[in-house]
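Residue numbers (the UniProt record's numbering): 1 to 604.
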């Protein structure tokens, strides 16, 4: 933890921009644009009272009002009109720009705040397009390079005049795809569930640049505050929330930052950003299958090498300034240059350009270096994993223990040292038992082999990091750790697959009708009543943490214990019985070893 500083997203040393004067705000909402201070004092005070009454009546600044199924939010820059959701009794403000479009000379540059003012009322009733990602990642939804927009969802039937807590969600997608309009990440049902149980809060989501558009890096950018653009987008969005969320009824002092998968990794990076500097952007954090222990490098390649291959692919090698050539290429040409080849080399480039880099600024060190030294913003956190995170890391052909050993040494993107691999695998002994898998899963026909392979891969990517993060936070703050262990129906339907990566998203977000998972059917329609009961309970726990910093505040079942290094425990979510707690010691030797080699070998 370090001393708090005032932060400007554009320049750490610059003065904060001056707020718009009250005179200019009155000019926007008073029809005759009369300037109060020019009148004689008594007459001015009388008319000021009339103006205030007119504003309260017509704009209902301090309470929720439905005007033609919309709601007005008065920001410093102008007025937004949102959309009223009659089914949920909510107001949705969608597609609001928080940054200038990153086009033309702003491509590959740090985001610039959207500071343009407007007259009248601007509509905010439709999601903006997703940010363009790698290949087909955004194919279900419209996508564009002009994509830096933010969304706010708020309950309409709240009678309290107090500002509401806020949850800001960062979506996943490997940092090379995804978007806030993806229905899998829509928080409206969780907001409705929480409001029904007297824990109302406001939900916020936003887009950020991904893949090459947000994480291109070269020697020229590193060290000049020009790298890690996607994370800088996120940071700017958080500053937008601080500046504007009160206009929607939200409390900027009660923000919980949450994310899933690479979105959870982003949350972890914001916890350690600027060496752990607390900019007052959030008071709590939730990381679902992610952490501050984020990979930064791939052995045998580099961001610079990937950048140079992109320059060649885009025919910019002979330009006087290849980077400026890329900056000003037509969108379709640059997008095609990045996406066109399916070779392993280009796939590797995609992986490299989806990783953050050390820039001496927002990203300064490995998570495994920062966490034990308390170089993080010490706020209460929830962090957890699914019980079979490693499933989705199994590549085709990885069907035996020997093939796993060869893959880790020679076939994976990282190409781990042989000695490290031998030592790691020794922590997963073979009990020599066999149990046929019928039908086989991923080509593996033995249950014991399947479990061992997925355990190794899951520990490498998620489990070791969760333990480190929760352990270090428990020393100076509060951590609640979970394992989601419920069988899902999202993929093949084989019970032995268990809970795969991302399986907890639907129950947490109260997604009962399969929004975003299938265009043709509700994949949850045959789930048991116990599943939905589990989902409702999980939603209450998340809502309790968002609103009260306590997941137990509205749940009467098994209490979720705070993590303690002397007696570490997880809560386990499963529909087959009441939630239970378990000691967090399974394969502890293996995860401790993984952490010990994370910086030197794993690059995180």
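We treat Cβ as the ideally placed atom computed from N, Cα and C, and that holds for glycine.
Residue range 90 to 97 is occupied by the beta strand (DSSP E) that includes residue 96.
The alpha carbon of residue 360 has as its nearest neighbour, out of 221, 509, 124, the alpha carbon of 221.
The beta carbon of residue 553 sits closer than 7 angstroms to the beta carbons of 544 from its chain, once the five residues preceding and following it are set aside; these are given in chain order. Where residue 151 is concerned, the enclosing beta strand (DSSP E) starts and stops at 149 to 155.
For the pair residue 312 and residue 231, the Cα-to-Cα distance works out to about 26 angstroms.
Only residues of its own chain outside the window of five on either side were considered, and among them 228, 356 have a CB closer than 6 angstroms to the CB of residue 363, listed in chain order. A Cβ-Cβ contact shorter than 8 angstroms links residue 358 with residue 296. Bridge pairing for residue 73: 80 [DSSP]. Between residue 82 and residue 71, the C-beta spacing is below 8 angstroms. Contact check between the segment 203 to 220 and the segment 165 to 176: three or more CB pairs, one atom from each, fall below 8 angstroms, which counts as touching. Taking the CA atoms as reference points, residue 249 sits about 47 angstroms from residue 600.
Within the segment 458 to 543, the runs of beta strand (DSSP E) at least 3 residues long that lie entirely inside it are, in chain order, 479 to 484.
Spatial neighbours of residue 547 in its own chain (CB-CB distance under 6 angstroms, excluding positions within 5 residues in sequence) are listed in chain order as 165, 199, 201. Between residue 125 and the set 154, 105, 95, 111, the nearest pair of CA atoms involves 95. Straight-line spacing of the CA atoms in residue 234 and residue 272 works out to 14 angstroms. C-alpha of residue 212 to C-alpha of residue 578: approximately 45 angstroms in a straight line. Following the DSSP letters along the chain, one finds residue 570 inside the beta strand (DSSP E) bounded by residues 569 to 573.
Beta bridge pairing from DSSP links residue 221 with no other residue.
In the three-state DSSP reduction, residue 125 falls in the strand class (E or B). Counting C-beta atoms within 10 angstroms of its own C-beta, residue 504 has 16 or more neighbours from the protein chains shown and is therefore classed as buried. Contact check between the segment 551 to 567 and the segment 469 to 476: three or more CB pairs, one atom from each, fall below 8 angstroms, which counts as touching. Counting along the chain, no beta strand (DSSP E) covers residue 86, and no H or E run does either. Under DSSP, the beta-bridge partners assigned to residue 580 are 572. Classified as buried, residue 154 has 16 or more neighbouring CB atoms from the shown chains inside 10 Å of its CB.
Take residue 408, set aside five residues on each side of it, and the residues of its chain with a beta-carbon closer than 6 angstroms to its own are 416, 421, in chain order.
Bounds of any beta strand (DSSP E) do not take in residue 266; it lies within the alpha helix (DSSP H) bounded by 262 to 276. For residue 206, the uninterrupted beta strand (DSSP E) segment begins and ends at 202 to 206. The closest CA to that of residue 477, considering only 374, 224, 330, is found on 374.
A distance of 8 angstroms or more separates the beta carbons of residue 368 and residue 525.
Minimum Cα-Cα distance from residue 495 among the listed residues 551, 391, 534 corresponds to 391. Of the candidates 216, 268, 339, 216 places its Cα closest to the Cα of residue 323. Residues 443, 444 of the same chain have their beta carbon placed closer than 7 angstroms to that of residue 399, with the five preceding and five following residues left out of the count. Residues of the same chain with a CB within less than 8 angstroms of the CB of residue 535, apart from the 5 flanking positions on each side, are 506, 507, 508, 510, 512 in chain order.
Residue 242: member of the alpha helix (DSSP H) spanning 229 to 244, first to last residue. Comparing C-alpha distances from residue 292 to each of 405, 268, 174 shows the shortest one belongs to 268. For residue 287, the enclosing beta strand (DSSP E) starts and ends at 284 to 288.
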